[in-house]
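>
Right under this line is the structure:
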């Protein structure tokens, strides 16, 4: 179920559990707020459209009040010392939608299911390291992104990097667009020392 509400001169499409930032409201953190300018409510195939608004309401809880990012406004004219710089930070109220049309529905089980594959991916990485892969991020200049690219190329151990020939270095440089990074950061030297233990 979703609704389209109007507040602060703007329209928002909301569902139960959504968090959104709206124009500043006169409410404190933890207060219950009723949004009564409901333009439309949809539930599956059934859609109710107001003319201009419906008699139903949307309930929300105030999570926080704050100020947005600073916007910089610069006016510059091609005259000597003719420039103006100002800034602006817009106030906002962060809301969490709790009920639509007087009906509260909890649909928070879906995000937990989406997190399950991430947990399943972690044992695969641990299993890959247990099969003989080394922690390549110990080499200076190698972060998690580069480790992933190297693993995709089949490079998982310090010994493989220590055994690089000039052709191997050139191939990895061109394939991963390193531009001489392997020689500059002395990967082969570091990998040799790390392979020895």
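Residue numbers (the working numbering): 138 to 334.
Backbone N, C-alpha and C fix where the C-beta goes; we use that ideal spot for every residue, glycine too.
Exposed or buried, which one is residue 144 when buried takes at least 16 other CB atoms within 10 Å?
Under this definition residue 144 is a buried residue.
> Exposed or buried, residue 146, counting other C-beta atoms within 10 Å across all chains shown (16 or more means buried)?
exposed
> Can you tell me which of the three DSSP states residue 156 falls into?
In the structure shown, the three-state DSSP call for residue 156 is strand.
> So, at 6 angstroms on beta carbons, what are the nonlocal neighbours of residue 187 in its own chain, with the 5 sequence-adjacent residues on each side left out?
176
> Considering only their Cβ atoms, is the gap separating residue 273 from residue 284 smaller than 9 angstroms?
yes
> Helix, strand or coil, according to DSSP, for residue 140 in the structure here?
strand
> Are there 16 or more other CB atoms within 10 angstroms of the CB of residue 196, so buried, or fewer, so exposed?
buried
> Across the segment 197-204 and the segment 161-168, are there enough close Cβ pairs to call them in contact, namely three or more that are closer than 8 angstroms?
yes
> Roughly how many angstroms lie between the CA atoms of residue 155 and residue 234, to the nearest whole one?
6 angstroms
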